[in-house]
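Chain order of the listed sequences is S, L, R and E.
Just so we're aligned: the first sequence equals residues 1 to 146 in UniProt numbering.
Just so we're aligned: the second sequence equals residues 1 to 146 in UniProt numbering.
Just so we're aligned: the third sequence equals residues 1 to 146 in UniProt numbering.
Just so we're aligned: the fourth sequence equals residues 1 to 146 in UniProt numbering.
We treat Cβ as the ideally placed atom computed from N, Cα and C, and that holds for glycine.
All of these numbers come straight from a predicted model, not from anything done at the bench.
Structure record follows, encoded as structure tokens.
There are 4 protein chains.
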Amino acid sequence: MKGGDHVQIQIDPVSAAPIYQQIRDRVVEAVAAGDLTPGDQLASVRQLAVDFGINVATVAKAYDVLRNEGIIRTNHKSGSVIARGPGTAPADDAFVADWSARLATLLAEAVAQGLTDAAIIERSTAIVDDFSARRSTSDTAKDSPS
Amino acid sequence: MKGGDHVQIQIDPVSAAPIYQQIRDRVVEAVAAGDLTPGDQLASVRQLAVDFGINVATVAKAYDVLRNEGIIRTNHKSGSVIARGPGTAPADDAFVADWSARLATLLAEAVAQGLTDAAIIERSTAIVDDFSARRSTSDTAKDSPS
Amino acid sequence: MKGGDHVQIQIDPVSAAPIYQQIRDRVVEAVAAGDLTPGDQLASVRQLAVDFGINVATVAKAYDVLRNEGIIRTNHKSGSVIARGPGTAPADDAFVADWSARLATLLAEAVAQGLTDAAIIERSTAIVDDFSARRSTSDTAKDSPS
Amino acid sequence: MKGGDHVQIQIDPVSAAPIYQQIRDRVVEAVAAGDLTPGDQLASVRQLAVDFGINVATVAKAYDVLRNEGIIRTNHKSGSVIARGPGTAPADDAFVADWSARLATLLAEAVAQGLTDAAIIERSTAIVDDFSARRSTSDTAKDSPS
DNA sequence: GTGGTCTAGACCACA
DNA sequence: GTGGTCTAGACCACC
């Protein structure tokens with residue numbers, strides 16, 4: 001990935017989710033999909049703020065959350081880079097416990113709304129497989145860029 | 001289920017999650033697990049508020065969310081009853097789209113934190129299976145009440 | 001500890017250390033000394049901001065750091081309360097590793113500046129013992145308040 | 001130690017700690033461990049900058065901090081040399097006061113995070129003893145150089 | 001140029 | 001009343 005050529009992120013200003021959360025979510029998804037891999041550079045807080053027409057502090061907060069999650073690492077000189085991704089390190093136990101509880105609630109919502117068990121598993125598998133496939137494609141793309 | 005004999009719900013007053021959200025989550029999970037089935041009566045807003053020692057408005061908000069989600073239906077005379085559950089009606093397309101997006105974000109978080117694809121699917125399947133198994137048990141229990 | 005009767009915290013506005021860091025440090029020290037024990041209420045962000053003549057966001061950031069460290073827990077209704085202290089939970093391995101490195105640097109500084117090994121250990125022991133003694137006194141005080 | 005034969009220093013360019021701080025920390029630790037003793041020559045600012053591929057100003061700032069701490073002394077002709085170390089001079093009172101405060105904060109952090117008093121003292125003693133042992137080894141090595 | 005800190009003041013969510 | 005979010009704009013540290 002060349003300098004200044006950052007991954008595209010889309011923000012929805014009318015969404016109920018706070019902007020900083022949306023930025024965080026998009027970055028996490030990009031990491032899962034291999035669009036961002038450990039070492040990749042993120043846009044600077046000022047750059048993103050200008051792009052989205054939002055405040056620097058809002059982007060800074062998003063990066064702060066990602067830093068606390070161990071997803072990115074920040075350095076005054078070189079800005080923020082991805083520090084964690086699939087295969088970097090095994091998941092933390094405390095994280096798994098918390099995450100599982102949130103997953104249970106989300107899956108319960110689908111069950112209650114009438115999705116069949118099969119449909120729910122199918123959907124989950126499809127999402128995970130999609131991430132996996134895109135990671136493979138990304139790797140190839142990085143080996144032989146266009 | 002007889003009147004006054006309501007499903008047990010646990011609220012954690014010091015949790016970071018808002019109380020109304022906790023109530024909503026517990027109800028949704030109870031529906032998914034078959035502890036609450038369509039037609040079941042919910043405790044009244046005032047009753048729940050007293051039980052938990054919280055504000056009536058907080059419970060009202062929780063019920064309001066559930067109503068907007070179509071999970072419960074409220075009648076001024078007969079109070080609130082479960083209106084939706086597994087098997088009641090096929091899931092709405094709009095819901096599926098929104099839910100899938102949230103699921104993708106949650107699964108992406110796990111991938112980024114180092115959980116393997118297999119572990120993620122295994123966890124999801126276990127949760128869905130657990131709900132399914134508890135629904136079967138619940139049905140049997142209702143066929144032969146104490 | 002009665003409501004509104006919060007632990008005294010002193011801030012030095014001319015210190016090189018950021019204000020939010022000073023607040024965080026004072027709270028951590030109060031926890032170590034037993035002046036604040038799990039369950040104790042912290043002053044609200046607005047209250048502290050007024051007391052110190054600083055911005056709400058600055059206090060919020062201090063509390064945010066403490067929350068990320070697991071020292072406090074925040075709840076919309078009841079504000080922030082102490083969630084961790086000596087004896088609450090064993091230390092995390094990752095924390096110990098990071099902390100040890102910082103300790104090594106700080107002790108090296110003393111050695112380089114001419115403090116004898118004995119003086120360094122004496123100072124460390126005195127500090128830890130002081131915290132320990134104050135914790136005991138605090139416990140007694142809370143059992144039989146004035 | 002002969003000129004040009006300098007102590008090895010490792011810098012982590014992606015660390016959150018500023019580079020000048022890392023240089024300063026490594027030098028202080030080297031002094032505490034006896035790898036650098038009063039009179040030892042430090043690499044020139046330009047030399048270090050080239051070695052690490054960093055800016056000259058960054059190294060200059062690190063040396064500036066060390067100079068203010070009295071650890072090194074710089075002479076335009078002969079460059080920078082170590083001016084202070086264990087045994088050179090008793091510690092300054094003002095330094096001890098400031099250092100003790102920082103130590104108290106760091107130890108408080110460990111107490112709050114659940115380390116036992118014994119573990120904290122054990123860790124501190126181990127670090128000081130390690131420095132002490134390495135100083136002895138260093139002295140011997142200097143008595144009978146290769 | 002990068003990110004970090006802080007202010008003053010606004011609006012919203014929660015209870 | 002509590003805390004959370006966001007803005008506009010400033011200053012500082014690092015490199």
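Near chain S, meaning a CB-to-CB distance below 9 Å, the residues of the stretch 7 to 18 of chain E are Pro13, Val14, Ser15, Ala16, Pro18. DSSP places Ile9 (chain E) outside both helix and strand once states are collapsed to three, so it counts as coil. Between the alpha carbons of Val81 (chain E) and Ala110 (chain E) lies a gap of roughly 36 Å. Closest by C-alpha distance to Ser136 (chain S), out of S:Ile19, S:Leu36, S:Pro18, is S:Leu36.
Rounded to the nearest whole angstrom, the CA to CA distance from Ser124 (chain L) to Ala97 (chain S) is 13 Å. DSSP, read as helix, strand or coil, puts Ile82 (chain E) in strand.
Between Phe131 (chain R) and Ala30 (chain R), the gap from beta carbon to beta carbon reaches 8 Å or more.
The beta carbon of Gln10 (chain R) lies closer than 8 Å to those of Arg26 in the same chain, with the five residues before and after it left out. Under the three-state reduction of DSSP output, Asn68 (chain L) falls in the helix class. For Gly114 (chain S), the number of other beta carbons within 10 angstroms of its own is at least 16, and it is reported as buried. If you check each beta-carbon in the stretch 103 to 121 of chain E against every beta-carbon of chain R, the ones closer than 7 Å belong to Leu103, Ala104, Thr105, Leu106, Leu107, Ala108, Glu109, Ala110, Val111, Ala112, Gln113, Gly114, Leu115, Asp117, Ile120, Ile121. Taking a beta-carbon distance threshold of 8 Å, Thr58 (chain S) does not count as an interface residue toward chain L.
Residue ranges of uninterrupted alpha helix (DSSP H) with 4 or more members, entirely inside the stretch 7 to 53 of chain E and ordered along the chain, are 19 to 32, 45 to 52.
In the pairwise beta carbon analysis, the stretch 13 to 22 of chain S is classified as touching the stretch 58 to 68 of chain S: at least three pairs are separated by under 8 Å.
Using a Cβ-Cβ cut-off of 7 Å, Ser136 (chain E) is close to nothing in chain R; its nearest Cβ partner there is about 12 Å away. Rounded to the nearest angstrom, the gap between the Cα atoms of Trp99 (chain S) and Ala49 (chain R) is 34 Å. Distance check between Leu42 (chain S) and each of S:Arg73, S:Ala94, S:Ser138 places S:Arg73 closest, using alpha-carbon atoms only.
By the Cβ neighbour-count rule, Pro13 (chain E) is exposed, with fewer than 16 other Cβ atoms within 10 Å of its own. By the 16-neighbour rule on beta-carbons within 10 angstroms, Ala104 (chain E) is buried. The beta carbon of Asn75 (chain S) falls within 8 Å of a beta carbon belonging to chain E, placing the residue at that interface. The beta-carbon distance between Val128 (chain S) and Ile121 (chain L), rounded to whole angstroms, is 6 Å. This is short enough to meet the 8 Å contact definition. Taking the CA atoms as reference points, Glu69 (chain E) sits about 24 Å from His76 (chain S).
Thr37 (chain S) is outside the set of residues whose beta carbon lies under 8 Å from a beta carbon in chain L. Burial of Gly34 (chain R) is indicated by the presence of at least 16 other C-beta atoms within 10 angstroms of its C-beta. Minimum Cα-Cα distance from Gly87 (chain S) among the listed residues L:Ala112, L:Asp51, L:Ala101, L:Pro86 corresponds to L:Ala112. Here Gly85 (chain S) is buried, its C-beta having at least 16 other C-beta atoms within 10 Å. Taking C-beta atoms as the reference points, Arg24 (chain E) and Val65 (chain E) count as a pair closer than 8 Å.
Check the Cα spacing between Asp40 (chain R) and each of R:Asn55, R:Ile71, R:Phe52: the tightest is with R:Ile71.
Taking Asp51 (chain S) as the centre and dropping the five residues before and after it, the same chain places the C-beta of Ala43 closer than 8 Å to its C-beta, in chain order.
Beta-bridge partners of Thr74 (chain R) (DSSP): R:Ser80. Rounded to whole angstroms, Tyr63 (chain E) and Asp117 (chain R) show a C-alpha spacing of 26 Å. Not a single CB atom of chain L sits nearer than 8 Å to the CB of Val128 (chain R).
Around Val81 (chain R), the beta-carbon contacts reaching into chain L at under 8 Å are Val14. If you draw a 10 Å sphere on the C-beta of Ala108 (chain L), you find 16 or more other C-beta atoms in it, and that means buried. In the same chain as Asn55 (chain S), and ignoring 5 residues on each side of it, the C-beta atoms closer than 8 Å to its own belong to Ala49, in chain order.
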